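Engineer:
In the numbering used here, the protein residues as written are 1 to 395.
1) Taking all protein chains shown into account, do 16 or more other C-beta atoms lie within 10 angstroms of the C-beta of residue 155, making it buried, or fewer, making it exposed?
2) With C-beta atoms as the reference, is residue 289 less than 9 Å away from residue 265?
3) Once DSSP output is grouped into helix, strand and coil, what is the label at residue 296?
4) Less than 7 Å between C-beta atoms, sequence neighbours within five positions excluded: which residues of the same chain meet that for residue 218?
5) How would you label residue 168, buried or exposed, when you count the other beta carbons within 10 angstroms and need 16 or more for buried?
6) Who are residue 207's beta bridge partners in DSSP?
7) Give me, in chain order, the residues of the same chain whose beta-carbon lies closer than 7 Å to that of residue 304; leave out the 5 immediate sequence neighbours on both sides.
8) Looking only at its own chain, which residues have a Cβ that is under 6 Å from the Cβ of residue 399, when we skip the five neighbours before and after it?
9) Quick one, are the C-beta atoms of residue 50 and residue 37 less than 9 Å apart?
10) Along the chain, where does the alpha helix (DSSP H) that runs through residue 84 open and close?
11) What span of residues does the alpha helix (DSSP H) with residue 370 cover, start to end?
12) Does the Cβ of residue 367 have 16 or more other Cβ atoms within 10 Å, making it buried, or fewer, making it exposed?
13) Taking three-plus beta-carbon pairs below 8 Å as touching, is the region 198-212 in contact with the region 51-60?
14) For the alpha helix (DSSP H) that residue 34 lies in, which residues bound it at each end?
15) When the Cα atoms are used, what is the spatial distance from residue 302 to residue 39?
16) In terms of residue numbering, what span does the alpha helix (DSSP H) encompassing residue 346 cover?
17) Going by C-alpha distance, which of 170, 143, 195 is nearest residue 161?
18) By DSSP's criteria, residue 261 is part of a beta bridge. Which residues make up the other side?
19) Could you have a look at residue 231 and say whether DSSP puts it in helix, strand or coil?
20) With which residues is residue 114 paired in a DSSP beta bridge?
21) With residue 250 and residue 121 assumed to form a contact (beta carbons below 8 Å), what rounded beta-carbon distance in angstroms separates them?
22) Assuming residue 269 contacts residue 281 (C-beta within less than 8 Å), just tell me the rounded distance between them.
23) Residue 114 and residue 97: beta carbons closer than 9 Å?
24) Does the beta-carbon distance from residue 202 to residue 157 come in below 9 Å?
25) Tell me, which residues are paired with residue 160 by DSSP?
26) What does residue 73 pair with, by DSSP beta-bridge criteria?
27) In the DSSP assignment, find the unbroken beta strand (DSSP E) run with residue 148 in it and report its ends.
28) Is it buried or exposed for residue 31, if we count other Cβ within 10 angstroms and need 16 for buried?
29) According to DSSP, is residue 333 part of a helix, a strand, or is it coil?
30) DSSP puts residue 394 in a beta bridge; with which residues?
31) Look at the alpha carbon of residue 100 and the alpha carbon of residue 85, and state the distance between them as a whole number of angstroms.
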């Protein structure tokens, strides 16, 4: 059964090319075009069916008894790295497509349920054609996809939502060092987690809270081989976790205007393997604005979180390797360094039942420098542009 599910997910990934280079570490700034257009806010403001991952309690904001939303994001990271005496090189992993499908239904006045499939993040670089030997022809690809079934009970303007999650992930790491190619090929895994959300609405104010569980994945031999080649085989951990998160949000709606603010904490310091490489917890602040009429809506927003990747010459779990090995793997292979995002979006209602959402997210360039394990420094520059499209059908 597990193999059958994996095959189905791999087929979906092939159709969607879901190797995403996400924006808060390996976590997307938001799921769905409405959320992304409003700076990633979705904990305290409802966006209908697409709220299943942001805050499942808010799928109660669908505009009819049933709502289907499907679309995707074209994601274009621009990452370049310089180390050693060679020239700066740009990663060839520079365009990805991230699919999403969300369904929500009003079952009774007090119960809502849905189902969805979302490409939720990941990251990857491709320096195989770089002429800078210090970059080791590094290629990495982390892909994450989730299936969820949001279940919500609502009464007297208070809602509680629970989404059991099945996560599929794949990981590949390849590089060249000392004339030797290191890498085992792609490994994948399935694992379970959950999202828990609360919301309360009164007099135009909506308050929300969410908890997202850690999801631990096991990538057979990929991490131990890639890191072990630099540490004399002393690194044996092959587990990599999607980090736990918690967040609070609030929005205020007055006539055609809605203002939303979210806070999230992403717990990298407790997540498998990320903690070994000294990733830092992120405090994420997002603000969003919407102006909506009966026919259309415009959105804008901003999100900030300090880079999860910070200079740390001696990450304790890989201390058997050379100094700055953690820095090198972080900035070269997994540069989760993006900090600031400016967003824009809109909706146009084609009819009473059909609407189209669009969003654009601009990740402003951030530069991080740390010690390089071969001596000197390694510097990575990272900016992003993405465009989201979503079609909604309410009936």
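Glycine included, C-beta positions come from ideal geometry on N, C-alpha and C.
A quick note: this is a predicted structure, and the numbers were derived from the prediction, not measured.
Structural biologist: Let me lay it out:
1) In the chain shown, residue 155 corresponds to position 155, counting from 1. That one is exposed.
2) Position 289 of the chain shown, counted from the first residue, corresponds to residue 289. Position 265 of the chain shown, counted from the first residue, corresponds to residue 265. Not closer than 9 Å, so no.
3) Locating residue 296 in the chain shown gives position 296, counting from the first residue. If DSSP states are grouped into helix, strand and coil, residue 296 belongs with the strands.
4) The residue given as residue 218 occupies position 218 in the chain shown. Closer than 7 Å at Cβ, skipping near neighbours: 189, 238, 239.
5) Stepping through the chain shown from its first residue, residue 168 is reached at position 168. By the neighbour-count definition (other C-beta atoms within 10 Å, threshold 16), residue 168 is a buried residue.
6) Numbered from its first residue, the chain shown carries residue 207 at position 207. Paired residue(s): 200, 250.
7) For the purposes of this step, residue 304 is taken as residue 304 along the chain shown, with counting starting at 1. Non-local C-beta neighbours of residue 304 in its own chain, meaning closer than 7 Å and more than five positions away in sequence, comprise 285, 339, 340, ordered along the chain.
8) Here the chain has residues from 1 to 395 only, and residue 399 is not among them.
9) Stepping through the chain shown from its first residue, residue 50 is reached at position 50. Stepping through the chain shown from its first residue, residue 37 is reached at position 37. Not a contact, by the Cβ cut-off of 9 Å.
10) The sequence position of residue 84 within the chain shown is 84, counting from 1. No alpha helix (DSSP H) holds residue 84; DSSP gives it neither H nor E.
11) Residue 370 sits at position 370 when you count from the first residue of the chain shown. Not the alpha helix (DSSP H): residue 370 falls in the beta strand (DSSP E), residues 354-371.
12) Counting from one through the chain shown, the residue named residue 367 turns up at place 367. Classification of residue 367: exposed, given that the 10 Å Cβ count is below 16.
13) yes
14) In the chain shown, the residue the question calls residue 34 occupies position 34. First-last of the alpha helix (DSSP H) with residue 34: 33-37.
15) The residue labelled residue 302 in the question sits at position 302 within the chain shown. The residue labelled residue 39 in the question sits at position 39 within the chain shown. The alpha-carbon atoms of residue 302 and residue 39 are separated by roughly 5 Å.
16) Mapped onto the chain shown, residue 346 falls at position 346. Unbroken run through residue 346 is the beta strand (DSSP E), 340-349; no alpha helix (DSSP H).
17) On the chain shown, position 161 is the one that residue 161 refers to. Minimum Cα distance to residue 161 is reached at 195.
18) Taking the chain shown and counting its residues from 1, one reaches residue 261 at position 261. According to DSSP, residue 261 bridges with 250, 287.
19) Taking the chain shown and counting its residues from 1, the one referred to as residue 231 is at position 231. Three-state result, residue 231: helix.
20) Residue 114 sits at position 114 when you count from the first residue of the chain shown. Beta-bridge pairing links residue 114 to 104.
21) Position 250 of the chain shown, counting from 1, holds the residue named residue 250. Position 121 of the chain shown, counting from 1, holds the residue named residue 121. 25 Å between Cβ atoms; not a contact.
22) As a working note, residue 269 is residue 269 in the chain shown. As a working note, residue 281 is residue 281 in the chain shown. Confirmed, about 5 Å.
23) Taking the first residue of the chain shown as 1, we reach residue 114 at position 114. Taking the first residue of the chain shown as 1, we reach residue 97 at position 97. No, they are not a contact pair.
24) Residue mapping note: residue 202 aligns to position 202 of the chain shown, counting from 1. Residue mapping note: residue 157 aligns to position 157 of the chain shown, counting from 1. Cβ atoms of residue 202 and residue 157: closer than 9 Å.
25) To locate residue 160, count along the chain shown from 1; it is residue 160. According to DSSP, which records beta bridges pairwise, residue 160 is partnered with 153, 198.
26) For the purposes of this step, residue 73 is taken as the residue at position 73 of the chain shown. For residue 73, which the question treats as bridged, DSSP gives the partners 98, 388.
27) In the chain shown, residue 148 corresponds to position 148, counting from 1. Note, residue 148: beta strand (DSSP E), 139-148.
28) As a position in the chain shown, residue 31 is number 31, starting the count at 1. So residue 31 ends up on the buried side.
29) Here residue 333 refers to the residue found at position 333 when the chain shown is read from its first residue. If DSSP states are grouped into helix, strand and coil, residue 333 belongs with the helices.
30) One-based indexing of the chain shown puts residue 394 at position 394. Paired residue(s): 67.
31) As a first step, residue 100 must be located in the chain shown, where it is residue number 100. As a first step, residue 85 must be located in the chain shown, where it is residue number 85. The straight-line gap from Cα to Cα measures roughly 43 Å.
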